[in-house]
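This report concerns only the one structure given below.
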Amino acid sequence: MIPSTTTLQDMLVYLLPLMVLLAPAAESAATLLTNSNTSIAKPGCRDRCGKVSIPYPFGIGDQRCYYDKAYEIICNDFDHNPPLPMMMIQNDDGDRLAINRKYQVLQLTLDYVRVNVSAKSYCYNQTTGMPLGISDELVYYLSAEGPFTFSVTHNNLIALGCETFAYIAPIGSSHNYVSGCASSCAIGTDLNSCAGGSSCYCEATIPEGLKAFQVEVKSLNTNRSWNPNQCSQAVVADRDFGINDLIISSRDSDLWSVPVILDWSIGGNTTCEIAQQRNPTSYACGLNTYCVNSNNVLGYNCNCSKGYQGNPYLLYGCQPIPAAAPPPKSSTSIIAKKGCRDRCGNVSIPYPFGIGSSHCYLDYQFEIRCNDSNNPPVPLLQYSKYLQSLHYSEYFNYWYEVLQLTPDYVRINVSAPAKCYNKSTNWQARSTDMSSFLLDGPFTFSNTRNKLTAVGCDIFAHITHDDHSQNNTTGCASNCSKETLGNLPSCLGGKGCCQTTIPKGLKSFLFRIDSINSTTNNRSGNPYECNNVFLMEKEFSGLEELDLSREDLYVPVIMDWAIGNIQCKKAQTNITSYVCGENTYCVESSNGPGYRCKCLDGYQGNPYLLHGCLDINECEESANICGKEGICINTQGSYTCGLDYKQGLRLAVVVPLGIGIAIILILLLAMGFWLYHRLEKRKQMTMKQNHFKRNGGLLLSQKISSNDGKVEKEAKIFLTEELERITDNFNQSRIIGKGGFGTVYKGMLSDGRIVAIKKSKLVDESQVEQFINEVVILSQINHRHIVKLLGCCLETEVPLLVYEFVSNGTLSYHLFGEAGHKSSISWKDRLRIAAEVARALAYLHSDASMPIFHRDIKSSNILLDENYKVKVSDFGISRSIPLDKTHLTTLVQGTFGYLDPEYFHSSQFTEKSDVYSFGVVLVELLTGQRAISLIRSEEEKSLAMHFISSMKENRLFEILEARVVNEGNKDEVLVVAKLAKRCLKLNGKKRPTMKEIARSLDGLRKFQENQWIENQKLQEEESCLIGDEISSYYTSGAFEVEESECSSLIVQSTAN
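Per mature numbering (1 follows the signal peptide of the UniProt record, and there is no 0): the sequence shown = residues -28 to -1, 1 to 1028.
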């Protein structure tokens, strides 16, 4: 379809009334969108790449979109779907040159960047215990001057393997580790089946301010041999990247990747005070913000002020927070059985736990003792500890102080005494037992809410089995200097403290402390002479306030609990022992055996009481849950929305009216679009009809009807849509040639034929009748060396001609070696090509129903098929003449170098003008040179003039192409050269006709073929003579027959 310049105006005529009606609604929608969207990027900059948001100071594209080069994001929109954001982070390894490495960005926030970093596995030799073909260290580098630092709060050191000690060390100093952890399991354990908290997995925190470090892996027990098929993994990765992710990522690959969190800040070494006072122009924080100095990175960060939200790095990025909904009203629920205490001091006591009578708790394992002598009272939970010696073994009952009771876990206080060393003897025990525990019944130490914590220098703390065996389960290493020992704000590593996870399902264990350096037992230089190892709540933040040297030290520990030791399905079969009440559902315990109870959605309370889960009144908790006009009606476990009478009556009128107006607007809009498309279609049809008439479509139809359908059979009138479809709307990729008179496109018809569609640049309305006559004549030409005209399209502004497609390019391409291609045409083929072109032109001049002058014969208009057979093409300026005329008088058209000088001066084109152009093509075949050359002298710039002067000066063989001289017979070459010279006569009357030329070239080819046959016969006779000389060596009957055949050949040759 041809686009109209008035499309927009016409569309506005039909849609203007609708736009007026819809304007208020559009304004309201725009206001809503403006208020609901908070910009995170600068105006005019992209705020997303694929699935990742890109907040300023990061940015994509123009440099104004990011704060500086370190914050530039590269969005790969072409190779991936969805697009992948990448960033160049400078890596500086000290002695080497700084290089930029590209990292895939997984997440960008106003606090950190989450990127993908390469990782690898460590495999060991069974005999030597050394790494097998892979380095035993993984190096992490960040530029010391850049804004990025490995996050101490979001990353952990993670290790997977048996008898594995993984640790972080400064680059180039593998023995001075700063943080580490250990995992232990039986050799040959399938690491693919490791679960979170198992003994083949450990993790530890990393030190603050890390920019460059290496991760190393060593064996805990060097006297044990390694499994040759088993590998260990150790990486620094995002804390959310757990054991299962580690197993999946490293499976079947030595090199893989893990997510790592990088903290970032603004300003390098600049603090908030310096940035605000000394350089306000580069201060990055916008309005309604405040500045904070970064904790882990040199520099500062920006935050929105209280009551504002958004991007604090944009000038107007922080906007007021909309008024929050009032907090939900908490419904009163019962947590204990009737007649039982539900509190001891500050701690709530929900059933199945209970105080006092046995009916207040589920069984003795859930009994809580409330020590009312304390103020406030202290709740206590009984536990059993198993002691064994040579003389006795029995259980002893102890009581834990309960800090918190929830439906999921119990928080208790546990003793964590220090282990101190003898200062006078400077002696340290190689391994020292610290504490052992045995939990009975429903309690299990939580592997998700606790961590093994150790305090000390040059120590390896670990949990072992309670059978006093040497098999480790999990552990961590702590190293430090005496200056930093005891500085424990959050036990982040490198400061005399380490933490790691504990195995899943842990009920019984033994703490142990070993010295990392077994040869360094003298500790008199360390003023801090005590070490600690204990289990501690993961989120406990009061470590720095503890006096770690006290024997009565207590720390909080979390214990998961569950009901019984059976699963939900089995428990529900026994109604009398199943403890979940009404409106509840059962869930399996995630840490040990048993099950737990939960309230259904829409209910809250204690699911272990028969009627403990009470309905939530959603109508009270959220005032606008049904909107401003609705009335909330609470139901059991849910709610419904209704209307009061006035609101219902108003809506009964407004809603149908609104729906009716909307339907009318939609119908008007649809009618407007229908009318618009209908008029556009009619306009296009009218335009096509006008083009068809102007281009002679009616005249061509008359010609078709007057020729009894002969033209219709030979040539087809194509529709515009068909040609647009087969050329992909005349796509640039379909162009196969361009010339002075038009462009040629390639396409495939519905019947599978490949065609060439010529689209002319100009149209002369005064020559329409002549153009149609030529289409009629050309469509009836059926010559094997002339490109067949298949049809035309007259509905476009410029007529389109459809020809058969010739696949092997032009003679010019094969002759002159275009695009680095050397001439590949032999002398024999050149002679044949010249003869075929001559026959085609002779047909046009003498044998067609009406003589046709081609008027543009040149090597680029001579096509070759896959067998190098000739197809004469490009009849764009060709003309047919009546039989009683000998010439055409026209404006001079053609190609310089091939143009007949006589036609150039007289403007009268005759058949001898085509002969002159053919003569130039003959000279090109002989010399391999172009018709016009800028490297020749001014007098000989024309190949025709250069050739004629060379003939006169007897220098013909100096200008011939080497292949012609080597392959062609001298006499044949001279015959063709003299023929070319005759064609180039300045006087057209002295030139031969194309018929004469065709006969001469065909005769020369026949002579050439006869000569080849004679040469073959002579070669066969020579082989027979040679056979006579060696016949004495052969006496078989087969040779006698061959000799007889040779004799007959010799006789025939003699007779001839």
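From the three backbone atoms N, C-alpha and C, an ideal C-beta is built for every residue, glycine too.
Could you pull the start and end residues of the beta strand (DSSP E) that residue i belongs to?
i: THR425; result: 422 to 427
i: LEU132; result: 127 to 132
i: GLY152; result: 151 to 155
i: GLU509; result: 502 to 509
i: THR715; result: 714 to 720
i: VAL559; result: 556 to 560
i: HIS877; result: HIS877 -> not in any beta strand (DSSP E); alpha helix (DSSP H) instead, spanning 873 to 878.
What is the C-beta distance between residue i and residue j, in whole angstroms, given that I count them as a contact (C-beta under 8 angstroms)?
i: VAL966; j: HIS817; result: With the sequence shown as reference, residue 966 is identified as Met, and Val is not the correct amino acid for it. Indeed they touch by this definition, with Cβ atoms about 5 angstroms apart.
i: VAL778; j: VAL759; result: 6 angstroms
i: VAL947; j: LEU915; result: Contact flag wrong, Cβ pair sits at about 20 angstroms.
i: THR699; j: GLY719; result: 5 angstroms
i: GLN471; j: LEU424; result: 7 angstroms
i: PRO348; j: GLY317; result: 4 angstroms
i: PHE122; j: TYR112; result: 7 angstroms
i: ASP872; j: ASN780; result: About 29 angstroms; that fails the 8 angstroms criterion.
Which word fits residue i, buried or exposed, when buried means at least 16 other C-beta atoms lie within 10 angstroms of its C-beta?
i: MET531; result: buried
i: VAL864; result: exposed
i: SER155; result: buried
i: HIS649; result: exposed
i: HIS877; result: exposed
i: ASP828; result: buried
i: LYS41; result: exposed
i: SER751; result: buried
i: GLY599; result: exposed
i: ILE61; result: buried
i: ASP430; result: buried
i: THR612; result: exposed
i: PHE50; result: exposed
i: ASP210; result: buried
i: TRP236; result: buried
i: LYS542; result: exposed
Sort the options by Cα distance to residue i and report the nearest one.
i: ILE130; options: VAL189, ILE829, ARG86, LYS183; result: VAL189
i: PRO31; options: ASN53, HIS52, PRO54, MET58; result: One point to set straight first is that residue 31 is Gly, not Pro, in the sequence displayed. Closest by alpha carbon: MET58.
i: PRO565; options: CYS591, GLY477, SER521; result: GLY477
i: ARG756; options: GLU808, VAL774, ARG706; result: GLU808
i: LEU582; options: GLY326, TYR550, TYR567, GLU245; result: TYR550
i: LEU377; options: ASN343, LEU871, LYS391, PHE338; result: PHE338
i: ASN585; options: PHE847, ALA308, TYR785; result: The sequence given here places Cys at residue 585; Asn does not occur at that position. Closest option to CYS585, Cα to Cα, is ALA308.
i: LEU956; options: ILE904, GLU968, LEU894, VAL124; result: LEU894
i: ASN938; options: LEU898, LYS950, LYS924; result: LEU898
i: PHE847; options: PRO854, LYS857, SER832; result: SER832
i: GLU560; options: CYS21, ASP380, ALA970; result: ASP380
i: VAL844; options: GLY118, ILE797, GLU776, ALA206; result: GLU776
i: GLN576; options: ASN563, TYR567, GLU590; result: GLU590
i: CYS764; options: LYS710, GLY279, GLU694, ALA642; result: GLU694
i: TYR370; options: ILE729, ARG383, LEU352; result: LEU352
i: VAL945; options: MET923, TYR526, ARG963; result: MET923
i: ASP422; options: ALA949, VAL842, LYS510; result: One point to set straight first is that residue 422 is Asn, not Asp, in the sequence displayed. It is LYS510.
Between which two residues does the alpha helix (DSSP H) containing residue i stretch?
i: ARG935; result: 934 to 939
i: PHE919; result: 915 to 924
i: ASP210; result: Counting along the chain, ASP210 falls outside any alpha helix (DSSP H), though it belongs to the beta strand (DSSP E) covering 203 to 210.
i: residue 1053; result: Any property of residue 1053 remains undetermined from this structure, which presents the chain solely from -28 to 1028.
i: GLU930; result: 928 to 931
i: VAL809; result: 799 to 814
i: ASP886; result: 883 to 899
i: LEU482; result: Segment 480 to 487 is the beta strand (DSSP E) holding LEU482; no alpha helix (DSSP H) there.
i: LYS950; result: 942 to 955
If you measure from the beta carbon of residue i to each beta carbon in chain D, is any gap under 8 angstroms?
i: GLU939; result: Among the protein chains of the structure shown there is no chain D, as only one such chain exists.
Within 7 angstroms: the Cβ of residue i and any heavy atom of the ligand ZN?
i: SER123; result: For the ligand ZN, the structure offers nothing, since it holds no ligand at all.
Report task. Output the residue ranges of the beta strand (DSSP E) runs that lie fully inside the region 570 to 635 and measure 3 residues or longer, sorted by chain position. Result -> Those beta strand (DSSP E) runs which fall completely within the region 570 to 635 and span 3+ residues are 575 to 577, 585 to 587, 603 to 607, 610 to 614.
Requested in this report: Ignoring anything shorter than 3 residues or poking outside the region 763 to 795, list the beta strand (DSSP E) runs there in chain order.
Outcome: Taking only runs of at least 3 residues, the beta strand (DSSP E) segments lying wholly in the region 763 to 795 are 772 to 776.
Query raised in the report: Which runs of the alpha helix (DSSP H), 4 residues or longer, sit entirely within the region 211 to 286?
Result: Correct list: 215 to 222, 244 to 249.
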